[in-house]
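When the letters of the sequence shown are read in order and numbered with the working numbering, they come out as residues 24 to 126.
Glycine included, C-beta positions come from ideal geometry on N, C-alpha and C.
Structure record follows, encoded as structure tokens.
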Amino acid sequence: MLGLVDLINDCPVHLNKYFDWAQKKIKELNDDPKWRDKIMDYETRLLEEKQEGKEEATIAGLKKLIAALRDFGGTNQQILHRLEIDYGDQFTKKELENFMKRA
């Protein structure tokens with residue numbers, strides 16, 4: 024298992040023919056500019072999708088908070104104040120007001 028961790032961390036491993044083959048293949052792929060570009064593009068897309076999913080989850084949570092605060096009798100001013108405290112670093116005041124209108 025430690026050999027696999029070393030292989031992942033790009034450390035030389037000489038345990039058996041399978042590790043030798045894997046290291047050789049990794050080196051070949053890393054040295055190929057076209058393949059390296061494909062890997063970089065794929066990693067970039069994964070990060071973008073993760074960020075988009077995170078923002079969608081944040082917006083869903085924000086809408087639930089608005090609904091809950093309304094259920095408890097919060098005024099628009101009170102709700103906006105709470106949203107600015109909780110989400111002001113992620114959204115502008117105008118965006119928060121728009122969320123309130125749509126929720």
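Among the options, nearest to residue i - alpha-carbon criterion
i: LYS91; options: ALA126, GLU78, ALA80; result: Residue 91 is actually Ala in this sequence, not Lys. Per the Cα distances, ALA126.
i: TRP44; options: ASP55, GLU71, TYR110, LEU27; result: LEU27
i: GLU118; options: LYS86, LYS40, ASP29; result: LYS86
i: GLN113; options: ASN53, LEU70, GLN100, ALA80; result: ALA80
i: ASN99; options: ALA83, ASN121, GLU75; result: ASN121
i: LEU106; options: ASP94, MET123, GLY96; result: MET123
Where residue i sits in the DSSP three-state scheme
i: ASN99; result: helix
i: ALA80; result: helix
i: LEU38; result: coil
i: THR67; result: helix
i: ALA45; result: helix
i: GLN74; result: helix
i: PHE122; result: helix
i: ASN32; result: coil
i: GLY26; result: helix
i: ASP54; result: helix
i: ASP112; result: coil
CB contact flag (residue i, residue j, <8 angstroms)
i: ILE89; j: ILE102; result: yes
i: LEU25; j: PHE42; result: no
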